[in-house]
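Counting from 1, one number per residue, gives the positions in the sequence shown under this note's numbering. Every residue, glycine too, gets a C-beta built ideally from N, C-alpha and C.
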Amino acid sequence: MEMMVLKAAETDAGARLDAWLAAGMEELTRSGAQKLIEAGLVSVEGKSLPKNYRLRGTEEVTVTLPQAEEVDLVPQDIPLDIVYEDEDVIVVNKPKGLVVHPAPGHPDGTLVNALLHHCGDSLSGIGGEKRPGIVHRIDRDTSGLIIAAKNDRAHQYLSAQLQDHTLCRVYRCIVTGNLREDSGTVDAPIGRHPTDRKKMAVVAGGRRAVTHWRVLERFPGFTYVECRLETGRTHQIRVHMAHIGHPILGDTVYGGKKAVPGLQGQCLHAVGLRFRHPRTEEMVELSCPLTEEFEAQLRKLRAKGQ
């Protein structure tokens, strides 16, 4: 068993416990949160809570995570939006809500299960038993381009590009507040949050993390931004934008605000990907459109700004 403590903020007052846990614990679904609550594994001051409990905004919620059960990966016929595919790599436009690989509370229904159904045995084994073919990750509630390798040689080649920063990943997001400059760089080390292991934070002694950003459009109280990752730490853009005082719209984990109507999770989309092909060594540059819910948020902001 593993125990963790989540601290509710004043802005969380009134939120349902199961929804709040799912938003605050990466790769935990709402149904998974409900199962933990129903099993008596979520408590405040030693007292178990019901799943419809409404937060006061002052609690320290203790969550006891059971030992993860070993599960066999099974191919599942989950639709994939394939942007590029050949004998070595496959690039998918991942929708929000789709977990990349199996994890506690989410043993199946993941991108890996979908890739196993689509690719059969043609996935690299380097990612391990639970992450075959996975070269890099995207958060559950972040959408956009993700690349997977179909063989070990391709995986090693792409991983080397991640390490030397030549595999380029471009994201777009809407952040709260108005950035003073038109562009900039956040160079701040990221590591585990000192009190909440499910969160990341800018911490002394963390791993070096560099995010380059530029403003695309400005609105009253919000900014449309493009970010390019030089490094690829867990939750990097979310942590960095929050660190400079401009958390991503809808990010209830790092933004400290309630969910945004019409928006599932953070308004963050992996719009571009550029890499050197592992077989031909030619540059491959790919892009995908913003999601409809992202476009809807832009339309709202543009309408308000007129």
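Counting other Cβ atoms within 10 Å of its Cβ, residue 182 stays below 16 and is therefore classed as exposed.
Annotation for residue 119: no beta strand (DSSP E) segment contains it, though the alpha helix (DSSP H) segment containing it runs 111-119. If you draw a straight line from the Cα of residue 54 to the Cα of residue 119, it is about 44 Å long.
By the Cβ rule, the segment 144-162 counts as touching the segment 88-108, because three or more pairs are nearer than 8 Å. Taken through DSSP and simplified to helix, strand or coil, residue 58 comes out as coil. In the displayed model, residue 122 falls within coil according to three-state DSSP, outside both helix and strand.
Within 10 angstroms of the beta-carbon of residue 220 lie fewer than 16 other beta-carbons, which makes it exposed. When beta bridges are read from the DSSP output, residue 226 appears opposite 172 and 214.
Between residue 63 and residue 36, the C-beta spacing is below 8 Å. The segment 187-201 and the segment 129-138 do not touch, with fewer than 3 CB-CB distances between them shorter than 8 Å. Residue 134 sits close to residue 112, with the two beta carbons spaced by under 8 Å. Annotated three-state conformation of residue 235 is coil, per DSSP. The criterion of a C-beta distance shorter than 8 Å is satisfied by residue 239 and residue 201. Leaving aside the five residues that flank residue 250 on each side, the residues in its chain whose CB is nearer than 7 Å to its CB run, in chain order, 259, 260, 263, 265, 266 and 267.
Residue state for residue 32 is assigned as helix, using DSSP reduced to three classes. Short of 8 Å from the beta carbon of residue 56, and not among the five residues preceding or following it, lie these beta carbons of its own chain, in chain order: 8 and 13. When DSSP reads this structure, residue 248 sits in a beta bridge with 175. Around the beta carbon of residue 143, 16 or more other beta carbons lie within 10 angstroms, which makes this residue buried. Taking a C-beta distance under 8 Å as the contact criterion, residue 175 and residue 223 qualify as a contact pair.
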